[in-house]
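The block underneath contains the structure these notes are about, expressed in structure tokens.
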Amino acid sequence: LVEKKFRKSVKTSTDFYSLAQEIESETSESVSVSTLKRMWGYVNMTPTPRQTTLDVLSKYIGKKDYKTFCEDLKHSEAFQSRFFTADFINSCDLEPDSRLEIGWDPGRKVTLKYIGESLFEVESACNSKLLAGDRFEAANFIKGYPLYISRILRNGEYTPSYIAGRQGGINHLKVL
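Just so we're aligned: the sequence shown equals residues 22 to 197 in the working numbering.
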């Protein structure tokens, strides 16, 4: 909602500086650029924002405070189950040895080979933490949504869970 009001995705240092200035201009209260970067995951930290920061951001989007924002959110459509339309690939629809290409921002591209029974192997990866030879299970790939991988088999050992496309989801999805 902050980005919607800002009328721009916040992705660069310049964006964070501009957003901080606009928040101060609109609310007469400040949130530091470094705080915004932590909250957006631009820097590798797991933030626990202060109540005052949440109040200022809520005020920026037109709410009295964070508590009011949360109450309003509980009654919004965001918490209601719904059907949606999206491009997707279900692993059960693929034949073994099928290949697909997925991508997400910023500039990640991965080519996968379908082994069978929801198991995929990474054939090639560009700008990704996934590596050639990695194997993982996935029931489906949905354009516009992140890919959640519970574990990756890498060099005979399992990695922790992994999220591809955490912000913005998968933006490239194609059977080769």
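Beta carbons: idealized from backbone N, C-alpha and C, even for Gly.
Three-state secondary structure assigned by DSSP to residue i
i: Glu138; result: coil
i: Lys150; result: coil
i: Val198; result: Beyond the ends of the chain as shown, which are 22 and 197, falls residue 198; an answer cannot be given.
i: Phe105; result: coil
i: Leu40; result: helix
i: Leu133; result: strand
i: Val64; result: coil
i: Glu92; result: helix
i: Leu22; result: coil
Top-ranked residue by Cα proximity to residue i, from the options
i: Ser119; options: Arg28, Ser34, Ala159 and Val196; result: Val196
i: Glu142; options: Val23, Leu174, Lys85 and Lys32; result: Leu174
i: Glu47; options: Phe27, Lys58, Ser34 and Leu57; result: Phe27
i: Gln188; options: Tyr63, Thr35 and Ser49; result: Tyr63
i: Phe100; options: Asp108, Ser49, Thr106 and Cys91; result: Cys91
i: Leu194; options: Asp36, Lys95, Asn161 and Leu151; result: Asn161
i: Ala185; options: Pro70, Ser171 and Glu178; result: Ser171
i: Leu121; options: Ser49, His96, Ala159 and Tyr183; result: Ala159
Residue j beta carbon less than 8 Å from that of residue i
i: Asn192; j: Asp126; result: yes
i: Tyr169; j: Gly190; result: no
i: Val54; j: Ala41; result: yes
i: Ala107; j: Lys58; result: no
i: Arg129; j: Ser145; result: no
i: Thr73; j: Thr56; result: no
Inter-residue spacing [alpha-carbon to alpha-carbon] between residue i and residue j
i: Val52; j: Met60; result: 11 Å
i: Leu133; j: Ile110; result: 12 Å
i: Arg156; j: Tyr38; result: 40 Å
i: Asp86; j: Ser34; result: 26 Å
i: Val131; j: Glu178; result: 21 Å
i: Ser102; j: Asn176; result: 39 Å
i: Asp36; j: Leu151; result: 28 Å
i: Pro181; j: Ser49; result: 43 Å
i: Cys147; j: Gly154; result: 13 Å
i: Asp93; j: Gly124; result: 35 Å
i: Ile44; j: Phe104; result: 35 Å
i: Lys95; j: Arg71; result: 21 Å
i: Lys88; j: Lys29; result: 25 Å
Any non-hydrogen atom of the ligand MN within 7 Å of residue i CB
i: Val143; result: Among the ligands in the structure shown, none appear at all, so the ligand MN cannot be discussed.
Is it the case that the segment 106-123 contacts the segment 135-147, given that we only count it when at least three CB pairs across the two stretches are under 8 Å? Touching, yes.
Contact between the segment 22-41 and the segment 69-82 is defined here as three or more beta-carbon pairs at a separation below 8 Å; is this criterion met? Contact holds: three or more Cβ-Cβ distances are below 8 Å.
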